[in-house]
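See below for the structure under consideration.
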Amino acid sequence: MKTEKSPKEHLKAHAESAASVVAALKDSPLPVIYVGAATCGLAAGALETIAGFEEALKDNGIEAEIRKVGCLGHCYAEPLVIIQNPGFPSLLYQKIGAGEAGILVRSFLKDGSDPCYEYLIGALEADENFPTLMDYPRYLYENRVVMEHCGLIDPKEVDHYLAVGGYESLAAGLEKGGAWVLDEVKAANLRGRGGAGFPAGKKWEIARGVEASSKMVICNGDEGDPGAYMDRTLLESNPHQVLEGLALAALAIGADRALLYIRAEYPLAVKIMEAAIIQAEAKNLLGENILGSDFSLAVTVFQGSGAFVCGEETALIESLSGRRGMPKVRPPYPAVSGFAELPTIINNVKTLSTVPSIIKNGAEWFHGIGTAESPGTAIFSVVGEVEYPGLVEVPMGVTLEHLVVDVCGGIKNGKELKAVQIGGPSGGCLPASLMETEIDFDSLKSVGAMMGSGGLVVMNEDTCMVEVARYFTDFTQGESCGKCTFCRIGTRHLREILQSITVGEGEMSDLDDLAEISEAVVAGSLCSLGKTAPNPVITTLRFFRDEYVAHIEEKRCPARMCRTLTAFYIDLEACARGCDACVACCPTEAIFTTSNRKKAIDQEKCVKCGECVYACPPEYDAVRRVSPPELIPDQGVEPLPVKENEEGDA
Amino acid sequence: MLDRILATLDESEKAAIDEEELAVLKAVADELLSVPQESLQLLPALQMIQTKHGYLPRLALRMVAEHLAVTIGNVYGIATFYNQFRFNPPGRNPIKVCLGTACHVKGGEIILENFERRLGIKENETSEDREYSLERVACIGCCALAPAVVVGEKVEAYVTPSKVEGIITEIEVRKEMAAREQEKNED
């Protein structure tokens with residue numbers, strides 16, 4: 045109902061009650077244990093950790109509250125636990141399994157004397173007895189704007205978001221009007237975080253300018269990139285921030301309907317968002333006459349059935365309408381005529397999550413972060429061969445070197461960095477020599493990669509670039525909707541050529557074919573799936589041509605990853621008599637005992653899984669991997685003759 | 094509707110439908126009654142069957158087509174387009190091998206192969222006793238724990254070929270123990 049009170053006054057009442065709810069938890073006389081239980085935390089065993097805490101608390105007769113929170117993004121340290129013990133600052137612990145949970149309860153909560161420094165990362169607030177998170181490079185270099193509250197607030201409680209200033213931007217927007225919101229976002233030059241970097245304000249302006257009986261805003265949470273999971277984390281860890289951004293976008297264009305399109309593969313995100321919508325509606329933060337204004341917004345959740353191409357706007361709208369998700373020719377742009385021919389804007393989860401902070405702090409503040417052309421922060425999921433993989437939020441414009449080495453701790457096990465794959469299947473592989481490249485929409489495009497959704501895989505010398513190109517082409521081939529001939533058939537040809545090169549059947553003319561077909565696919569495809577699908581091929585050809593040549597001319601895989609071109613053997617000099625470690629682990633029983641009681645590999649049976657390399661005790665380190673297979677030396681291996689009586693036993 | 098469709102099948106097709114599948118089909122026939130008969134309901138109807146039963150039986154596609162008065166080709170087109178839909182019943186122990194970028198680089202392909210060899214089925218297949226089913230998934234978002242495998246609901250991190258052996262052995266041992274327990278109770 046529309047009332048005399050202003051939206052800010054309405055919100056104030058909510059914020060005050062929320063503050064008291066949160067204060068009661070913060071000042072609780074009982075210890076509070078926060079366990080990171082987003083999908084990744086659960087995978088790392090957060091449920092066992094919670095069970096461990098519950099059991100230990102019961103055994104020791106201690107009362108404490110356990111809260112499930114979202115994800116801090118520090119995947120290398122999961123399961124993460126924050127313990128708020130009265131008399132201590134809130135302490136963050138890493139790798140807490142059920143056993144460690146028991147120790148923490150006994151030593152820290154029961155005796156109150158030992159905060160278990162061995163599991164500690166640091167204190168959340170400054171304290172003279174503990175290191176704080178800011179003492180670590182990872183926390184120091186990050187600039188958390190969108191992920192500020194992730195993992196620290198309870199995603200299932202709207203009060204937790206309200207207590208940190210949540211929905212204030214929406215209240216301000218309601219008072220100053222949609223045109224003002226649009227102007228702020230335009231002035232901030234917020235570029236779409238879904239990958240292409242199209243200015244959100246421009247899109248909104250088009251939709252605002254169209255006369256229609258109804259308009260729609262869609263939050264694109266159809267994160268389909270293999271190796272990217274930041275959208276999921278934002279949906280799971282701070283759902284109300286997404287909803288506030290969605291409401292602000294709706295206000296800016298004058299929409300009355302909003303929809304969250306989330307992959308069905310993200311069941312937890314769907315559950316949390318549905319609960320968040322109900323809570324927000326109960327507090328009149330969504331629904332009819334929001335915060336007493338005349339602005340109303342109905343929000344629903346739609347589960348996507350899993351098709352990479354549905355990240356494309358027009359395909360997403362097709363799939364909402366119950367058809368195959370195939371992109372359509374634009375114009376008309378969805379901002380003019382989208383779902384059910386209504387003006388529809390579609391923004392990525394990260395884009396919408398950024399909006400509240402822009403409205404709160406102003407466009408000028410936003411320009412203070414990042415670069416002139418790409419203001420703000422970028423969120424990456426940095427995985428692969430780095431010391432500290434996880435979600436990282438850094439200002440736009442930092443170099444790849446800084447991100448990989450300073451923030452994520454550099455390459456694991458002292459190996460050499462070979463390439464960084466950025467932007468998922470539509471992105472490219474950049475070599476170590478381009479590590480000074482700045483991370484923003486335009487710099488990445490200029491070297492042939494793409495911001496994409498923000499997946500970043502760090503590869504060391506053991507990764508074959510031809511194989512990586514084959515992998516991504518295989519993925520996009522499978523996900524091509526089949527509408528455009530060049531995408532449907534061109535990617536298939538690319539895949540087949542790459543496949544033949546990885547098994548040593550390539551020819552030098554293949555390289556020209558790859559380049560030519562890539563060009564054709566880019567030119568002949570309607571949507572950005574096809575337009576970017578050859579990027580992994582183009583960039584690896586440009587930067588790692590010598591690897592292609594080695595595969596073709598020498599039948600050799602320099603990274604020793606392509607299995608047809610690689611073989612394993614056991615160095616008899618290094619192998620120890622009587623040791624059986626490799627025999628037990630071999631899945632195909634390819635390892636046999638030689639006449640001098642050492643071990644050898646039957647090349648006919650070997651499937652080249654590499655398991656024996658890990659099984660061989662480091663003091664012997666006798667398994668060798670060579671490419672091409674002809675490099676196996678003739679060591680005069682004879683199998684140990686089976687004794688007759690043993691044969692009888694068997 | 095189900096009886097009418099069944100009547101059109103020849104003997105060998107009928108024989109291919111086992112009791113378990115027939116029960117699913119009967120349930121689907123009931124569930125479809127609550128779905129409004131309009132073509133917009135196609136995707137939601139398929140999602141409903143997939144969620145409830147874990148797969149889309151062949152005849153269920155025909156039932157959906159008839160119920161919504163769309164062509165069987167249309168239904169098949171939608172069902173094969175989206176990755177969510179399966180055409181084989183899930184095993185009691187569904188195994189999903191992650192082949193996202195990080196898992197691929199760390200040898201996810203080898204892990205999938207080991208499961209195939211160990212279980213004697215290929216990806217997207219279900220073992221004859223319906224104990225195991227095997228599929229590849231694009232990314233489960235546990236890239237820092239690569240290579241990862243989801244067995245039932247549980248995510249197994251840092252999987253190696255010998256861990257594949259361990260995972261299957263554990264399931265077998267549990268099954269054996271449950272069987273013995275049941276025998277004991279019956280005695």
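If you read the protein sequences in the order shown, they are chains U and X. Using our numbering, you'd call the opening residue of the first sequence number 45 and step up by one each time. Using our numbering, you'd call the opening residue of the second sequence number 94 and step up by one each time. In this text, a Cβ means the ideal position worked out from N, Cα and C, and glycines have one as well. Computed from a predicted structure; not experimentally measured.
Rounded straight-line distance, which links the Cα of tyrosine 515 of chain U to that of glycine 201 of chain X: 12 Å
Neighbourhood of valine 190 of chain U by C-beta distance below 8 Å, restricted to the same chain and skipping five residues each side: Leu278, Gln285, Lys394, Ser397, Thr398, Ser401, Thr421, Ile423, Glu437
6 Å CB neighbourhood of isoleucine 142 of chain X in its chain, flanking five on each side removed: Val121, Leu149, Ala153
C-beta neighbour in chain U for leucine 149 of chain X, strict 8 Å: no
Partner residues on chain X for proline 580 of chain U, Cβ-Cβ distance less than 9 Å: Per Cβ cutoff of 9 Å: no residues; proline 580 of chain U is ~10 Å from chain X at best.
Nearest-angstrom Cα separation, counted from serine 639 of chain U out to glycine 692 of chain U: Interpretation of glycine 692 of chain U is limited by its pLDDT of 44, a score under 50 that renders its predicted location unreliable; the figure taken from the coordinates is listed afterwards. Rounded to whole angstroms, glycine 692 of chain U to serine 639 of chain U spans 20 Å at the Cα level.
Sub-8 Å separation of glutamate 511 of chain U and cysteine 606 of chain U beta-carbons: yes
Euclidean distance between Cα positions of phenylalanine 174 of chain U and glutamate 255 of chain U: 59 Å
Straight-line Cα distance separating phenylalanine 383 of chain U from leucine 364 of chain U: 8 Å
Nonlocal neighbours in the same chain, by C-beta distance under 8 Å from lysine 642 of chain U, ignoring five residues either side: Ile614, Leu616, Cys619, Ala620, Arg621
Cβ neighbours of valine 163 of chain X in the same chain (closer than 7 Å, five flanking residues each side left out): Ser132, Leu135
Within-8 Å CB hit, asparagine 136 of chain X to chain U: Checking the sequence, you will find leucine at residue 136 of chain X rather than asparagine. Interface residue, yes.
Candidates U:Gly143, U:Lys52, U:Ala296, U:Cys508, of which the one nearest tryptophan 224 of chain U by Cα: U:Ala296
Beta carbon proximity, leucine 238 of chain X to chain U, threshold 8 Å: yes
Where the beta strand (DSSP E) through phenylalanine 612 of chain U begins and ends: 611 to 614
Endpoints, the beta strand (DSSP E) within which methionine 716 of chain U is located: Only positions 45 to 694 of chain U appear in the structure, and residue 716 of chain U is not among them; the question remains open.
Under the three-state DSSP convention, the category methionine 370 of chain U falls into: coil
Assumed close pair glutamate 219 of chain U, alanine 407 of chain U - CB separation to whole angstroms, cut-off 8 Å: Contact doesn't hold; Cβ gap of about 18 Å is too wide.
Simplified DSSP state of alanine 694 of chain U, which is helix, strand or coil: Low confidence applies here, because alanine 694 of chain U scores a pLDDT of 40, under 50, leaving its location unreliable; read the following figure in that light. Three-state result, alanine 694 of chain U: coil.
Beta-bridge partners of valine 208 of chain U, as assigned by DSSP: DSSP lists no partner for valine 208 of chain U.
Below-8 Å beta-carbon distance, methionine 260 of chain U vs any chain X residue: no
Whole-angstrom distance between cysteine 630 of chain U and leucine 136 of chain U, CA atom to CA atom: 41 Å
Cβ shell of histidine 204 of chain U (< 7 Å), same chain only, five flanking positions each side left out: Val66, Ile197, Asp198
Contacting positions in the segment 419 to 438 of chain U - beta carbon closer than 7 Å to chain X: Ser425, Val427, Gly428, Pro433, Gly434
Cutoff 7 Å; reference glycine 170 of chain U; Cβ partners in own chain excluding five residues on either side: One point to set straight first is that residue 170 of chain U is alanine, not glycine, in the sequence displayed. Excluding positions up to five away in sequence, the list reads Thr176.
8 Å Cβ cutoff, tyrosine 251 of chain X in contact with chain U: no
Chain X contact residues for glycine 382 of chain U, given Cβ-Cβ distances below 7 Å: Residues of chain X passing the Cβ test: none, with the nearest at roughly 16 Å.
Pick from U:Glu633, U:Asn405, U:Arg276, U:Glu505 that is closest to leucine 461 of chain U, judged by C-alpha positions: U:Glu505
Neighbouring residues, chain X, relative to alanine 88 of chain U (Cβ below 9 Å): Cys235, Ala237, Leu238, Val248, Ala250
Partner residues on chain X for threonine 584 of chain U, Cβ-Cβ distance less than 7 Å: Correct list: empty, because the minimum Cβ distance to chain X is about 14 Å.
Per-residue contacts from alanine 195 of chain X into chain U (C-beta, under 7 Å): Gly271, Val427, Gly428, Val501
Whole runs of the beta strand (DSSP E) within the segment 168 to 237 of chain X, excluding any shorter than 3 residues: 186 to 191, 225 to 230
As assigned by DSSP and simplified to three states, the class of lysine 643 of chain U: strand
Buried versus exposed, by CB contacts within 10 Å (16 or more), valine 686 of chain U: exposed
Local conformation of valine 202 of chain U per DSSP, three classes: helix
Top-ranked residue by Cα proximity to isoleucine 561 of chain U, from U:Thr576, U:Glu549, U:Val547, U:Gly548: U:Thr576
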